[in-house]
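Position 236, counted from 1, in the sequence shown is what my numbering calls 249; the numbers after and before it change by one each time, with no gaps.
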Amino acid sequence: MSIDLSKPFLFLLVLLGLLGLTACDDDEGPDAVCTPMAYKMCVDGVSSWFDSCMAAGEVIETCECGCLPDATACALCGDTCEEGTCSGQGTCDDSSGTPTCTCNDGYTGVRCQSCADGYELVGGVCQSESTTVCEVDTCNGHGTCDDSSGAPVCTCEEGFTGTFCAQSELYRGLLKLDTADWTAVEGEFEFPIKSYAVMASFFQLEAPPEARTQYGPCTMPPASWPKYVDRFGAGTLTISGGVRELTMNPQPNPEGPGVEYPSVHESETLWSGGESLSITATGQDDGVPAFSTSIIGASPVEATGYDGQPWPAITERVNLEPSLAHTFEWTGGAAGEEVVITLRGDVYYEIECRFPAEAGSGTVPVELFQAINQPLSDFFIESQNTTTVGAGDFTIEVVTTFQGESNQHRISVPAP
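What follows is the structure, encoded as structure tokens:
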């Protein structure tokens, strides 16, 4: 991503970074600790969060009409108010023929995209710089506050995390949008496969999920998965920006408490890669509050080789020795996306390895193969974009994936 230094705001931030004056906790050396969500910037038509060390993070939205001159947000388009016109931090009025935002306390800017004087961005929220004492809602009702150090510090109750205990570990949501465009082979016949599938689930867990075991870029599943306590609705979900607009509504859950969203799937691709998809939920009084977000549709990716060898035909098996590390190569995927390689066992057991898409290759470490206690039989590769949005107590993960040619293959990895 290039940065236009003719823009004063961007030039100032880059200069601060070069001088070591950004808000890193340790401002020297490669081990510097950077504060996430320290700046919100619009660069090359994409509005994103940047950490205090100037590394781009979560994409907020793709700008249909470019960036504001000060590069703090997307420029406004059209003559009517839309979802997100005021960045979720103000009210919009278009009665004059032009959208105008009236910002909430602590926010300012054409789109209420910046912190007002006397406020600073903390964890993505504009907080008063003069706040030195605990207030009633400092910890969002999910923790205890201590201001004896001269600044509020929250100790979160079990199941909540974050600077102000705003992220729940128990109330979760997953909205997964998958699309595929590849060729299946059966004997001498080839079958083009085009499809998409969308699933949504909002739930309460019995306990925070166990962490996956990490081996370099790869993770193994935990020994046990948390149980669901309840499932919730978020009203009508609308997904737009693809080849068609989709709507999903909750139905009674036939297998347990609460409600579920029947998955939506068709025999066509929902996007081709790079489109901005918008997701809105109307909210539900006894469930998930209304929310909206956007995410980029992942781009096609295709496996091209492994360990210096060309990728074999789909009818051939890939044999991997568990006493060695193995490197996989691919083409496709866009900058900023991840390529996710999944290795699956004969019993449902998935290992995930994540690599930057632009790297073009990634190595699965030998330590992972040696830790596996069962043979592996399937290989999957896909590109992926992920974003997270908060709605009340719910932390909702939104994911897009694209499965291109060679997205799945039979492999043979014997147990060590």
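We treat Cβ as the ideally placed atom computed from N, Cα and C, and that holds for glycine.
Simplified DSSP assignment, three categories, for residue i
i: A88; result: coil
i: V379; result: helix
i: E410; result: strand
i: E342; result: strand
i: A311; result: coil
i: E258; result: coil
i: E288; result: coil
i: A210; result: strand
i: S133; result: Correcting the residue type first, residue 133 is Glu in the shown sequence and not Ser. Note: E133 maps to strand in three-state DSSP.
i: A294; result: strand
i: A384; result: helix
i: E279; result: strand
Residue i - partner residues in DSSP beta bridges
i: F215; result: G186, F245
i: A316; result: W343
i: S60; result: C55, E74
i: V426; result: L389
i: E273; result: Q264
Residue i versus residue j: straight-line alpha-carbon distance, rounded
i: N420; j: A68; result: 30 Å
i: E315; j: V352; result: 10 Å
i: I12; j: G175; result: The displayed coordinates of the chain run from 14 to 429. Any statement about residue 12 would go beyond what the structure contains.
i: E219; j: F63; result: 34 Å
i: I364; j: D160; result: 43 Å
i: T399; j: E71; result: 8 Å
i: Q383; j: P335; result: 6 Å
i: A236; j: R225; result: 9 Å
i: Y228; j: P112; result: 50 Å
Whole-angstrom C-beta distance between residue j and residue i, which should lie under 8 Å
i: E350; j: S374; result: Their Cβ separation, rounded to whole angstroms, is 15 Å, which puts E350 and S374 out of contact at 8 Å.
i: G91; j: G58; result: Rounded, the Cβ-Cβ distance is 17 Å, inconsistent with contact.
i: C114; j: C128; result: With 8 Å as the limit, C114 and C128 do not qualify as a contact, their Cβ atoms being about 15 Å apart.
i: S60; j: A86; result: 6 Å
i: Y132; j: S214; result: No, Y132 and S214 are not in contact; Cβ-Cβ is about 36 Å, not under 8 Å.
Candidates the options, of which the one nearest residue i by Cα
i: P425; options: V411, Q416, R357, Y209; result: For clarity, residue 425 is Ser in the given sequence; the question names Pro instead. The candidate whose alpha carbon is nearest that of S425 is R357.
i: F392; options: L283, I327, E77; result: I327
i: A210; options: D194, I364, I73, M233; result: D194
i: F245; options: G186, S61, G255; result: G186
i: T151; options: P165, C139, V138; result: P165
i: T121; options: T401, S109, G103; result: G103
i: N262; options: G286, P239, Q297; result: Q297
i: S285; options: G101, F415, V138; result: F415
i: C173; options: V411, D406, H422, M212; result: In the sequence as presented, Cys is not what sits at residue 173; that position holds Phe. Checking every option, the nearest Cα to that of F173 belongs to D406.
i: L81; options: C116, V123, S305; result: V123
i: E329; options: I292, S390, A303, V277; result: S390
beta-carbon residue i near the ligand NAP non-hydrogen atom, thresh 6 Å
i: I308; result: By its list of ligands, the structure shown contains no ligand whatsoever, and the ligand NAP lies outside what it can speak to.
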